[in-house]
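Numbering (UniProt numbering), first residue to last: 1 to 204.
Before any comments, here is the structure.
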Amino acid sequence: MPTTDHQAFHEPLADAALDQLFRQARTHNGWQDRDVDDTTLRALAELMKWGPTAANCLPARIVFVKSDDAKDKLIPLMSDNNKKKTRAAPVTAIVGFDLEFYEHLPKLFPHADARSWFAGNDSAIESTAFRNGSLQGAYMILAARALGLDAGPMSGFDEEGVNAAFFAGTKVRANFICNLGYGDPEALFDRLPRLEFEDFCRIL
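Below, the structure written as structure tokens:
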């Protein structure tokens, strides 16, 4: 459980932690031949679930693809430039969002009738599930980096094919796919530039 001593959270992280999470972290395309065990994946999920979502709705649903059989089902559904790196990655996370997330709100948000805010309102369901599921996918990447893993998020895949292969019979829909493991630094591209503060921020 997270600590309740919030005072401890009011100091910036050390530079080494900020480097690991952001400044030196990279999107990886090549992977070392190193396993990621199930205990680490469980630890990742335990971390990411504490990130904020609207009404604590937690709509993300993740399939961690590890086995050869599961990879064989996924690889043909990836775009051509994503197949090789997905095959090489020890784990590939399919990050989906559940369009029936609101059924869990009596447990997750018990101090109000939050289920009634969404049930029957397709527009609110879709936007809330997608927006907050995307947030959770970002939390997953940061949780992976915090645990010493590298990540390689991708959007090149057959969305309907992935839905049919991995989420059949559910209201879960694929959002994006992310390779996880220990990246091969020799396969990295040169670091790409980023926008300056004034190019994407305003203070009013």
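C-beta atoms are modelled at their ideal positions from N, C-alpha and C, and glycine is treated no differently.
Does the separation of the CB atoms of residue i and residue j fall below 8 Å?
i	j	result
Tyr102	Ile125	yes
Pro59	Asp98	yes
Using a Cβ-Cβ cut-off of 8 Å (strictly less than) and excluding sequence neighbours within five positions of residue i, which residues of its own chain qualify?
i	result
Lys71	Val65, Thr86, Arg87, Thr92
Name the one or two DSSP bridge partners that residue i has.
i	result
Trp31	Gly183
Ala93	Phe64, Cys178
Gly152	Asn179
Phe157	Met78
For residue i and residue j, what's the separation of their Cα atoms in angstroms?
i	j	result
Leu105	Glu46	19 Å
Arg194	Arg23	11 Å
Phe167	Asp38	21 Å
Ala146	Ala43	10 Å
Ser134	Ile177	11 Å
Asp199	Thr27	22 Å
Met48	Leu142	8 Å
Find the nearest neighbour of residue i within the set the options, judged by alpha-carbon distance.
i	options	result
Leu188	Asn29, Leu21, Pro12, Ile141	Asn29
Pro110	Asp190, Asp15, Ala55, Glu198	Ala55
Glu160	Asn175, Ala151, Asp150, Gly148	Asn175
Leu41	Ile62, Pro52, Trp31, Leu21	Ile62
Could you pull out every residue in the same chain whose Cβ sits closer than 6 Å to the Cβ of residue i, ignoring the five residues on either side in sequence?
i	result
Asn82	Met154, Gly156
Arg34	Tyr182
Leu18	none
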